[in-house]
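> Count the sequence shown with the numbering used here and you get residues 8 to 371, in order. From the three backbone atoms N, C-alpha and C, an ideal C-beta is built for every residue, glycine too. Attaching a single structure in structure tokens format; questions to follow.
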Amino acid sequence: MSVDLSPFTSLDEFERHALEVLPAMPRDYYRSGAWAEVTLRENRAAWERLRIWYRVMRDVSDRSTRAEVMGRSAAMPVCVAPTALQRMAHPDGELATARASAAAGVPMILSSLSSTSVEDVRAAATAVDPAARTWMQMYIGRDRGMVRALAQRAHAAGCDALVLTVDTPTWGIRERDIRNHFRVPEGMRIVHLERPGGPTGHAGSGIHEALSWTIDASLTWRDFEWLRDSTPLPVLLKGVCRAEDAARGVELGAQGILVSNHGGRQLDGAPATVDALPHCVDAVAGRVPVLVDGGVRRGTDVLRALALGAQAVCVGRPILWGLATAGEPGVAKVLALLQHEFDVTLALAGCSGVDDATADLLRP
Ligand SMILES: Cc1cc2nc3c(=O)[nH]c(=O)nc-3n(C[C@H](O)[C@H](O)[C@H](O)COP(=O)(O)O)c2cc1C
8 MSVDLSPFTS
18 LDEFERHALE
28 VLPAMPRDYY
38 RSGAWAEVTL
48 RENRAAWERL
58 RIWYRVMRDV
68 SDRSTRAEVM
78 GRSAAMPVCV
88 APTALQRMAH
98 PDGELATARA
108 SAAAGVPMIL
118 SSLSSTSVED
128 VRAAATAVDP
138 AARTWMQMYI
148 GRDRGMVRAL
158 AQRAHAAGCD
168 ALVLTVDTPT
178 WGIRERDIRN
188 HFRVPEGMRI
198 VHLERPGGPT
208 GHAGSGIHEA
218 LSWTIDASLT
228 WRDFEWLRDS
238 TPLPVLLKGV
248 CRAEDAARGV
258 ELGAQGILVS
268 NHGGRQLDGA
278 PATVDALPHC
288 VDAVAGRVPV
298 LVDGGVRRGT
308 DVLRALALGA
318 QAVCVGRPIL
328 WGLATAGEPG
338 VAKVLALLQH
348 EFDVTLALAG
358 CSGVDDATAD
368 LLRP
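Set out below in structure tokens:
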């Protein structure tokens, strides 16, 4: 039975609905932050605290939400963040997300812990738009051969960037997952990173044991250099908080910096990404694009991010809420709402496009 999406007027509506309809295990896996979920809440609250000092009398009748994102034009400065195991939200999972983001004209970052292969995701995206963009999120796990093979696979499938997540030397502790004995559901596979010597993720409770082999606590900058040299694709760093780490990443060849705290799922007590963003923007000093994710729920947040120097934002959970509500049309509506809100925000702030979203909007 298809859901009537006309009453869904905001991303928060999708969240409310998804939390009602999802079974406890995926619901809690998706919504959780680490420990007391302070950073999870702060990500959202910190955007809301920023006041927008709008301009008036600027003729905003001819506007566009289009933006350059990592060297190419996108329909808006928004990307789909990588989130694992999307088939727990809807049987179409990542395929629905790929089609909806291709139709919306925004890049999709595919999680390496996806429940659908990168080849199938690329086929779904390019069937909608041959120019659709997919970036492959990577962890560097203990088995470097597996990592290299996935990087090659992503390149062969037509991905145009790798996104290396660097905030996960170990998994953050998400208490709801422990209580629910989180495990990859029967019949679902983490297709790119099967557990060596056995079925995927059916042992243990909580994400620690279920996915332990996909990450490596010994990672250093050398491992980033190794990945950079193993692929012809540009590599972005995802999960950066501090200015010196952003600068170091750029010096070592990162082609983009994604300021993120993994949606509050790793170190609880980390600053909201909006608070970390200006430090990273200063440190990067325009050498490569800076992106940000975490708690972006409104078109006003997109404007705030741009005014702080980000080139684009990524959205994580709202995509899952759209999927859980209605599959592909749900994700499409989430992205359409965000674009509409961003367009209206531009107009009300006195901007005709992203180039007008300058710092003085937040600090007049
Ligand atoms: C359920 C879930 C799964 C996620 N899986 C991954 C992942 O596999 N790799 C990764 O780099 N980030 C992952 N993230 C983090 C997101 O990419 C993103 O940083 C975060 O969700 C942004 O915050 P938001 O959900 O408030 O938009 C996940 C987040 C959630 C909520």
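1) Going by DSSP, what residues sit across from D35 in a beta bridge?
2) Just to confirm, are G306 and E348 a CB contact at a threshold of 7 Å?
3) So, helix, strand or coil for L274, using DSSP?
4) Considering only heavy atoms of ligand 1, does any lie closer than 6 Å to the CB of Q262?
5) Which value, in whole angstroms, describes the spacing of the CA atoms of A96 and T90?
6) Assuming R181 and A41 form a contact by the criterion Cβ under 8 Å, report the distance between their Cβ atoms to the nearest whole angstrom.
7) Taking the straight line between their C-alpha atoms, what separation do you get for S124 and M64?
8) Over what stretch of residues does the beta strand (DSSP E) that includes T352 continue unbroken?
9) Is P239 near ligand 1 - that is, is its Cβ less than 6 Å away from at least one heavy atom of it?
10) What residue does the beta strand (DSSP E) around I264 start on, and which one ends it?
11) Where DSSP assigns a beta bridge to Q144, which residues make up the other side?
12) Compute the distance between the beta-carbons of L315 and L284, then report whether it is under 7 Å.
13) Where does G211 fall in DSSP's three states?
14) Look at the alpha carbon of S121 and the alpha carbon of M145, and state the distance between them as a whole number of angstroms.
15) I want to check one thing, is the minimum distance from the CB of R324 to the heavy atoms of ligand 1 below 6 Å?
16) My output table needs one value for E44: the three-state DSSP class, helix, strand or coil.
17) Determine the extent of the alpha helix (DSSP H) in which E232 is found, giving its start and end residues.
18) Leaving out the 5 sequence neighbours to the left and right, which residues in its chain are closer than 6 Å to V67 when beta-carbon positions are compared?
19) What residues in its chain sit with their C-beta under 7 Å from that of A88, if we drop five residues either side in the sequence?
20) Suppose you measure from the CA of H199 to the CA of A139; what does that come to, to the nearest Å?
21) Hey, would you say V309 sits closer than 7 Å to K245, going by beta carbons?
22) If contact is defined by three or more beta carbon pairs under 8 Å, each pair taking one atom from either stretch, is the region 22 to 35 in contact with the region 267 to 278?
23) Kindly examine ligand 1 and report whether one of its heavy atoms sits closer than 6 Å to the Cβ of D69.
24) Where DSSP assigns a beta bridge to M115, which residues make up the other side?
25) Applying the criterion that 16 or more other CB atoms from any shown protein chain within 10 Å of the CB defines a buried residue, is E193 buried or exposed?
26) So for S80, helix, strand or coil by DSSP?
27) Secondary structure at L12, three-state DSSP: helix, strand or coil?
28) Just how far apart, CA to CA, sit A82 and P296?
29) Assuming T382 and V338 are in contact, meaning their beta carbons sit under 8 Å apart, how far apart are those beta carbons, in whole angstroms?
30) Can you give me the C-alpha to C-alpha distance between G357 and L313, rounded to a whole angstrom?
31) Just how far apart, CA to CA, sit A253 and E232?
32) If you drop the 5 nearest sequence neighbours on each side, which residues of the same chain put their C-beta closer than 6 Å to that of H24?
33) Does ligand 1 have even one heavy atom less than 6 Å from the beta-carbon of S108?
34) Report yes if the CB atom of G165 is closer than 7 Å to the CB atom of R129, and no otherwise.
35) Ligand 1 and G301: does the residue's C-beta get closer than 6 Å to at least one heavy atom of that ligand?
Working from what's here:
1) Locating residue 35 in the sequence shown gives position 28, where the first residue counts as 1. In DSSP, D35 forms no bridge with anything.
2) Position 299 of the sequence shown, counted from the first residue, corresponds to residue 306. Position 341 of the sequence shown, counted from the first residue, corresponds to residue 348. The answer is yes: Cβ separation under 7 Å.
3) As a working mapping, residue 274 is identified with position 267 in the sequence shown. In this structure, L274 counts as coil in the three-state DSSP scheme.
4) Start at 1 with the first residue of the sequence shown, and residue 262 comes out as number 255. False, no ligand heavy atom lies under 6 Å from that Cβ.
5) Here residue 96 corresponds to residue number 89 of the sequence shown, with the count starting at 1. Here residue 90 corresponds to residue number 83 of the sequence shown, with the count starting at 1. Roughly 11 Å separates the two Cα atoms.
6) As a first step, residue 181 is located in the sequence shown; it is residue number 174 there, counting from the start. As a first step, residue 41 is located in the sequence shown; it is residue number 34 there, counting from the start. Confirmed, about 6 Å.
7) Taking the sequence shown and counting its residues from 1, one reaches residue 124 at position 117. Taking the sequence shown and counting its residues from 1, one reaches residue 64 at position 57. Each residue's Cα considered, the two are about 50 Å apart.
8) Counting from 1 along the sequence shown, the entry for residue 352 is found at position 345. That residue, T352, is in no beta strand (DSSP E); its alpha helix (DSSP H) goes 335 to 355.
9) Working through the sequence shown from its first residue, we reach residue 239 at position 232. It does not: the Cβ of P239 is nowhere closer than 6 Å to a heavy atom of ligand 1.
10) Looking up residue 264 in the sequence shown gives position 257. I264 -> beta strand (DSSP E) spans 263 to 266.
11) Locating residue 144 in the sequence shown gives position 137, counting from the first residue. V170, per the DSSP bridge assignment.
12) The count along the sequence shown starts at 1 and reaches residue 315 at position 308. The count along the sequence shown starts at 1 and reaches residue 284 at position 277. A contact, by the Cβ cut-off of 7 Å.
13) The sequence position of residue 211 within the sequence shown is 204, counting from 1. At G211 the pLDDT is 46, less than 50, meaning the model places this residue with poor confidence; the figure from the coordinates comes in the next sentence. DSSP places G211 in coil when its eight states are reduced to three.
14) Residue numbering aside, residue 121 sits at position 114 when the sequence shown is read from its first letter. Residue numbering aside, residue 145 sits at position 138 when the sequence shown is read from its first letter. Each residue's Cα considered, the two are about 11 Å apart.
15) The sequence position of residue 324 within the sequence shown is 317, counting from 1. Yes, the beta carbon of R324 sits closer than 6 Å to at least one heavy atom of ligand 1.
16) Counted from its first residue, the sequence shown places residue 44 at position 37. Note: E44 maps to coil in three-state DSSP.
17) Translated into positions along the sequence shown, residue 232 becomes position 225. Unbroken alpha helix (DSSP H) run through E232: 228 to 237.
18) As a position in the sequence shown, residue 67 is number 60, starting the count at 1. Once the five neighbours on either side are set aside, the close Cβ partners of V67 are A354, S359.
19) For the purposes of this step, residue 88 is taken as residue 81 along the sequence shown, with counting starting at 1. Cβ within range, chain order: I116, D300, C321, V322, G323.
20) Taking the first residue of the sequence shown as 1, we reach residue 199 at position 192. Taking the first residue of the sequence shown as 1, we reach residue 139 at position 132. Approximately 21 Å between the Cα atoms of the pair.
21) By 1-based counting over the sequence shown, the position of residue 309 is 302. By 1-based counting over the sequence shown, the position of residue 245 is 238. In this structure, K245 does not lie closer than 7 Å to V309 by Cβ.
22) no
23) Sequence index remark: in the sequence shown, residue 69 carries index 62 (1-based). Not so, every heavy atom of ligand 1 lies at least 6 Å from the Cβ.
24) Reading the sequence shown from its first residue, position 108 is the one you call residue 115. M115 pairs with V87, T141.
25) For the purposes of this step, residue 193 is taken as the residue at position 186 of the sequence shown. With fewer than 16 other Cβ atoms within 10 Å, it is exposed.
26) Counting from 1 along the sequence shown, the entry for residue 80 is found at position 73. The answer is strand: DSSP assigns S80 an E or B state.
27) By one-based count along the sequence shown, residue 12 stands at place 5. Looking at L12 - three-state DSSP - the assignment turns out to be coil, as it is neither helix nor strand.
28) The sequence position of residue 82 within the sequence shown is 75, counting from 1. The sequence position of residue 296 within the sequence shown is 289, counting from 1. Going from the Cα of A82 to the Cα of P296 covers about 17 Å.
29) A query on residue 382 cannot be resolved here, the shown segment of the chain reaching from 8 to 371 and no further.
30) Translated into positions along the sequence shown, residue 357 becomes position 350. Translated into positions along the sequence shown, residue 313 becomes position 306. Rounded to the nearest angstrom, the two C-alpha atoms are 14 Å apart.
31) As a working note, residue 253 is residue 246 in the sequence shown. As a working note, residue 232 is residue 225 in the sequence shown. About 15 Å.
32) Numbered from 1 along the sequence shown, position 17 holds the residue referred to as residue 24. The residues are T332.
33) Counted from its first residue, the sequence shown places residue 108 at position 101. S108 Cβ: outside cutoff for every heavy atom of ligand 1.
34) Locating residue 165 in the sequence shown gives position 158, where the first residue counts as 1. Locating residue 129 in the sequence shown gives position 122, where the first residue counts as 1. Yes; because the gap between Cβ atoms is below 7 Å, this pair is in contact.
35) Walking along the sequence shown from the start, residue 301 turns up at place 294. Yes.
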